[in-house]
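Here is the structure we will look at, set down as structure tokens.
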Ligand code: PMV
């Protein structure tokens with residue numbers, strides 16, 4: 001069996017984070033400038049089931065037998081065996097290369113899962129369809145993050161902008177116009193699981209107020225979907241502002257995120273908001289392509305630790 005590889009992109013949530021956990025819709029898009037690449041090779045001298053995993057970017061080296069039963073990677077291997085009705089995966093060496101920052105809200109755990117599931121199942125000659133890949137990646141995401149909505153694994157599996165409601169098939173969004181975004185990192189954030197738990201706690205305390213905000217976020221998402229599919233992106237900035245304000249109200253923004261959002265708007269971005277779990281992590285700014293580099297630089301001067309540029313193309317959507 002020759003070596004086989006598979007890659008998966010990063011992602012950003014454009015609208016609807018957190019409310020998506022409560023059944024509201026959200027919109028996410030792939031970020032193709034960063035990726036996880038997984039290479040699977042035979043491990044010739046080893047018995048079936050013996051799997052070596054190397055991920056130099058995060059200094060992770062392990063064999064399957066060393067991993068605790070409930071480790072996300074063990075869940076991934078078991079899920080593949082179950083889906084394919086095979087007793088034991090063959091002996092393999094798995095290498096994970098990544099340009100996707102871990103823990104920065106760009107979906108690195110889902111990207112690792114999707115690339116690994118595709119590489120392993122291709123390696124053994126039994127590739128899975130998107131729905132099967134997504135299903136397994138969701139189980140692995142649960143092991144990583146507790147109670148995720150499933151939006152990360154879904155957008156990364158389908159590699160297209162998606163309109164997503166928890167527990168439903170995603171709607172693939174065919175963009176009418178290209179959209180250029182600057183993604184800027186405001187620094188370390190608590191884990192998404194912690195941020196989601198914090199919102200849950202406050203929702204339990206103030207259910208009516210929080211549910212009203214979640215519904216309002218849902219309305220913003222519906223309006224954004226119309227614009228993305230029908231054009232007229234100039235109408236997106238007010239929706240980004242409203243979504244950011246609603247996220248502030250549920251307590252998931254932070255001074256550093258607010259500062260970068262203001263800085264982006266001051267230096268010419270059309271719209272900006274936090275993206276993902278919040279509490280730190282990333283913002284997205286909608287920009288004119290010609291201004292993307294200068295806005296990114298300005299955001300770094302204003303304290304962003306890292307910036308990425310990404311353009312979502314209508315042509316990528318078939
Ligand atoms: O932190 P991220 O980018 O993985 O985004 C999490 C999005 C949430 O809506 C906050 C949680 C979820 O599972 O959907």
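Residue numbers (my numbering): 1 to 318. A virtual CB, placed ideally from N, CA and C, is assigned to each residue, including glycine. As the structure is a computational prediction, the values presented were derived from the model and not from experiment.
If we count the other Cβ atoms within 10 Å of its Cβ and call it buried at 16 or more, is residue i buried or exposed?
i, result
"residue 240", "buried"
"residue 88", "exposed"
"residue 168", "exposed"
"residue 141", "buried"
"residue 312", "buried"
"residue 61", "exposed"
"residue 3", "exposed"
"residue 147", "exposed"
"residue 243", "buried"
"residue 10", "buried"
"residue 79", "buried"
"residue 230", "exposed"
"residue 281", "buried"
"residue 161", "buried"
"residue 180", "buried"
"residue 86", "exposed"
"residue 126", "exposed"
"residue 268", "exposed"
"residue 194", "exposed"
"residue 1", "exposed"
"residue 207", "exposed"
Return the first residue and the last residue of the beta strand (DSSP E) that residue i is part of.
i, result
"residue 61", "60-63"
"residue 163", "162-164"
"residue 237", "Taken as a continuous stretch (DSSP letters only), residue 237 belongs to no beta strand (DSSP E), being part of the alpha helix (DSSP H) at 236-249."
"residue 15", "4-15"
"residue 282", "282-287"
"residue 308", "306-312"
"residue 55", "51-55"
"residue 99", "Here residue 99 belongs to no beta strand (DSSP E), and DSSP marks it neither H nor E."
"residue 186", "That residue, residue 186, is in no beta strand (DSSP E); it is neither H nor E in DSSP."
"residue 67", "Per DSSP, residue 67 belongs to no beta strand (DSSP E) and is neither H nor E."
Helix, strand or coil for residue i, going by three-state DSSP, please let me know.
i, result
"residue 106", "coil"
"residue 176", "coil"
"residue 92", "strand"
"residue 116", "helix"
"residue 317", "Note that residue 317 scores 41 on pLDDT, short of 50, meaning its location in the model is unreliable; the coordinates nonetheless yield the value given after this. The answer is helix: DSSP assigns residue 317 an H, G or I state."
"residue 217", "helix"
"residue 18", "coil"
"residue 85", "coil"
"residue 338", "Beyond the ends of the chain as shown, which are 1 and 318, falls residue 338; an answer cannot be given."
"residue 28", "strand"
"residue 76", "helix"
"residue 42", "strand"
"residue 228", "helix"
"residue 269", "coil"
So is the beta-carbon of residue i under 7 Å away from any non-hydrogen atom of the ligand PMV?
i, result
"residue 81", "no"
"residue 277", "yes"
"residue 148", "yes"
"residue 17", "yes"
"residue 92", "no"
"residue 192", "yes"
"residue 105", "yes"
"residue 152", "yes"
"residue 195", "yes"
"residue 13", "yes"
"residue 31", "no"
"residue 21", "yes"
Looking at the unbroken alpha helix (DSSP H) that takes in residue i, where does it start and where does it end?
i, result
"residue 132", "130-145"
"residue 124", "No alpha helix (DSSP H) holds residue 124; DSSP gives it neither H nor E."
"residue 294", "292-301"
"residue 193", "192-205"
"residue 154", "151-158"
"residue 264", "255-266"
Assuming residue i and residue j are in contact, meaning their beta carbons sit under 8 Å apart, how far apart are those beta carbons, in whole angstroms?
i, j, result
"residue 136", "residue 117", "5 Å"
"residue 253", "residue 278", "6 Å"
"residue 68", "residue 156", "Incorrect: roughly 25 Å between the Cβ atoms, too far for contact."
"residue 151", "residue 13", "7 Å"
"residue 228", "residue 173", "6 Å"
"residue 26", "residue 221", "6 Å"
"residue 91", "residue 48", "6 Å"
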